[in-house]
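**Q** Got a structure for you, questions after.
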Amino acid sequence: MTTDRAAAQQQERPEQPDRPEHREPSERREPREGPARPARTDRPDPVTGVDLRVGGVEVRPVAGHIGAEITGVDLAAPLDDAVADLIRRAVLRWKVVFFRDQRLDHAGQVAFARRFGEPVVLGRRGGASPPDFPEVETTADRLELGGRYGMDHEEWLARRRPHLLRGWHCDHGARVDPPAATILRAESVPPYGGDTTWANLAAAYAGLSAPVRAFVDGLRAEHRLGVGYQPRPGDDAYLRHLLDHQMASEHPLVRVHPETGERVLFVNGYYIEQITGVSRPESAALLQMLLDQAVRPEYTVRFRWAPGSVAFWDNRATIHLAPGDHTQLDAPRIMHRVMLHGEVPVGVDGRPSTPVTGTEAGRW
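Taken in order, the sequence shown gives residues 1 to 364; the numbers are from UniProt numbering.
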């Protein structure tokens, strides 16, 4: 997701001298020239809960460390620069933002995504992309697994989560350049169940003690496609798919966010194989501790989907957990995803991520 880094730092560091002085909501005014900039205080308003505002568009946090709902905007209509800037700032600040009751179709979702970066086009999506929209990936939990890999969704969940934390992931974390952001739209959801949960990895890093932060700053880890999947005996079509599309990268265990400058605990339960340079038992113990830290309840937010809901998250600063509590219901969960091209992560020491196999920056 592209933005002006100085503007993002201005949002995160209210003491900077070029920040407009604080005004009460009734006193706020926009600059006389140029596009309107989101008005905000150091903290959300204690009465209204509003953190950012442009005209009738408001950002209201929904949890202490992560997550905000944006109201008063129609994502199917062209966005003016001020509203696009508000959304961009809200994503950087709150890591994931939610929109309700939107009327987006595939074309509208792609057009909205293009306001914030270049959508990813996956070359091997096949039937997962709607005709004429290679930027969109459609997932339908109950519809696609049996036909593609010969297993029902309950078996899929059992095999991809040998323990709870293996389900947590950022999108395409095995790539050397994981997506910068993801925009997910709900078309059809069960009447209950199917929520998604996100965790703030910048807050998780900041919550570590200083000696542990200093220790993990210098570590790197291999992220590999399929680590979170347990093969079944005999003929396993999904395992063959994983072996045919091997992908792995070595990433810093702490990455520096390219726009906010925050240090982010880059742990990824579904992809991370092993911390480089330590034994497997040491790696397993460290990763368990860091994943436990990352998904502490205070660093998470849970979202209840409805048709027309949209979530927009920073894939560089979050991991999320796909739901598994709705699979017994006789109701489809159909979602449409667009991802934005991202950068090669860089560690605290300035070293970038490196490809191990099957991945090249900018090539999908």
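Backbone N, C-alpha and C define an ideal beta-carbon position, used for all residues, glycine too.
Can at least three beta-carbon pairs, one atom from the stretch 305 to 315 and one from the stretch 89 to 96, be found at a separation below 8 angstroms?
**A** yes
**Q** Report yes if the C-beta distance between D177 and A331 is below 9 angstroms; otherwise report no.
**A** On the sequence shown, residue 177 is found 177 positions in, with the first residue counted as 1. On the sequence shown, residue 331 is found 331 positions in, with the first residue counted as 1. Taking 9 angstroms as the Cβ cut-off, D177 and A331 do not qualify as a contacting pair.
**Q** Under three-state DSSP, which class holds G347?
**A** As a working mapping, residue 347 is identified with position 347 in the sequence shown. Correct three-state label for G347: strand.
**Q** What separation, rounded to the nearest whole angstrom, lies between the Cα atoms of V264 and P352?
**A** Residue 264 sits at position 264 when you count from the first residue of the sequence shown. Residue 352 sits at position 352 when you count from the first residue of the sequence shown. Roughly 14 angstroms between the two C-alpha positions.
**Q** On the three-state DSSP scale, how would you describe A68?
**A** Within the sequence shown, residue 68 is the residue found at index 68, counting from 1. In the three-state reduction of the DSSP assignment, A68 falls in the strand class, which pools E and B.
**Q** Short check: CB of R213 to CB of V254, under 9 angstroms?
**A** Here residue 213 corresponds to residue number 213 of the sequence shown, with the count starting at 1. Here residue 254 corresponds to residue number 254 of the sequence shown, with the count starting at 1. Closer than 9 angstroms, so yes.
**Q** Using DSSP with H/G/I as helix, E/B as strand and the rest coil, what is M247?
**A** To locate residue 247, count along the sequence shown from 1; it is residue 247. The answer is coil: DSSP assigns M247 none of H, G, I, E or B.
**Q** Could you give the distance in angstroms between the alpha-carbon of V189 and the alpha-carbon of F303?
**A** Walking along the sequence shown from the start, residue 189 turns up at place 189. Walking along the sequence shown from the start, residue 303 turns up at place 303. Looking at the two C-alpha atoms, the distance is approximately 13 angstroms.
**Q** For the beta strand (DSSP E) that contains D314, what are its first and last residues?
**A** In the sequence shown, the residue the question calls residue 314 occupies position 314. Run containing D314: V310 to D314, per the beta strand (DSSP E) assignment.
**Q** Note down the Cα distance separating A63 from G56, rounded to an integer number of angstroms.
**A** On the sequence shown, residue 63 is found 63 positions in, with the first residue counted as 1. On the sequence shown, residue 56 is found 56 positions in, with the first residue counted as 1. If I take the Cα positions, the gap works out to 22 angstroms.
**Q** Using beta-carbon positions only, say whether T196 and L321 come within less than 9 angstroms of one another.
**A** Along the sequence shown, one-based indexing puts residue 196 at 196. Along the sequence shown, one-based indexing puts residue 321 at 321. Yes, these two residues count as a Cβ contact at 9 angstroms.
**Q** Can you list, in chain order, the residues of its chain with a C-beta nearer than 7 angstroms to that of G193? Leave out the 5 residues immediately preceding and following it.
**A** In the sequence shown, the residue the question calls residue 193 occupies position 193. Hits under 7 angstroms: P323, D325, H326 and L329.
**Q** Quick one: give me the first and last residue of the alpha helix (DSSP H) that S283 is part of.
**A** Against the sequence shown, residue 283 aligns to sequence position 283. Unbroken alpha helix (DSSP H) run through S283: R280 to A294.
**Q** Please confirm whether H106 and P78 have their CB atoms less than 9 angstroms apart.
**A** Position 106 of the sequence shown, counted from the first residue, corresponds to residue 106. Position 78 of the sequence shown, counted from the first residue, corresponds to residue 78. No, Cβ-Cβ distance for H106 and P78 is not below 9 angstroms.
**Q** Determine the closest residue to A128 out of V344, H341, R363 and R337, with distance taken between C-alpha atoms.
**A** As a first step, residue 128 must be located in the sequence shown, where it is residue number 128. Cα-wise, what sits closest to A128 is R337.
**Q** Alpha carbon to alpha carbon, how far is G261 from P61? Give it in angstroms, no decimals.
**A** As a first step, residue 61 is located in the sequence shown; it is residue number 61 there, counting from the start. As a first step, residue 261 is located in the sequence shown; it is residue number 261 there, counting from the start. One C-alpha to the other measures close to 21 angstroms.
**Q** Pick from V121, T300 and I183: whose alpha carbon is nearest that of F99?
**A** The residue labelled residue 99 in the question sits at position 99 within the sequence shown. Minimum Cα distance to F99 is reached at I183.
**Q** Quick check on this structure: which residue in L287, V256, N200 and F112 has the alpha carbon closest to the alpha carbon of G350?
**A** Numbered from its first residue, the sequence shown carries residue 350 at position 350. Comparing Cα positions, the closest option is V256.
**Q** Is the beta carbon of A84 less than 9 angstroms from the beta carbon of L340?
**A** Along the sequence shown, one-based indexing puts residue 84 at 84. Along the sequence shown, one-based indexing puts residue 340 at 340. Cβ atoms of A84 and L340: not closer than 9 angstroms.
**Q** So, helix, strand or coil for F133, using DSSP?
**A** If you number the sequence shown from 1, residue 133 lands on position 133. Looking at F133 - three-state DSSP - the assignment turns out to be coil, as it is neither helix nor strand.
**Q** Mind checking which residues open and close the alpha helix (DSSP H) that includes Q109?
**A** Residue numbering aside, residue 109 sits at position 109 when the sequence shown is read from its first letter. First-last of the alpha helix (DSSP H) with Q109: H106 to R114.
**Q** Using a Cβ-Cβ cut-off of 8 angstroms (strictly less than) and excluding sequence neighbours within five positions of V344, which residues of its own chain qualify?
**A** Position 344 of the sequence shown, counted from the first residue, corresponds to residue 344. Closer than 8 angstroms at Cβ, skipping near neighbours: V176, D177, P352, S353 and A361.
**Q** Taking the alpha-carbon positions, what's the D80 to H65 distance?
**A** Translated into the one-based positions of the sequence shown, residue 80 becomes position 80. Translated into the one-based positions of the sequence shown, residue 65 becomes position 65. Going from the Cα of D80 to the Cα of H65 covers about 28 angstroms.
**Q** Assign L208 to one of three DSSP states: helix, strand, or coil.
**A** Within the sequence shown, numbered from 1, the residue matching residue 208 stands at position 208. Here L208 sits in coil by DSSP.
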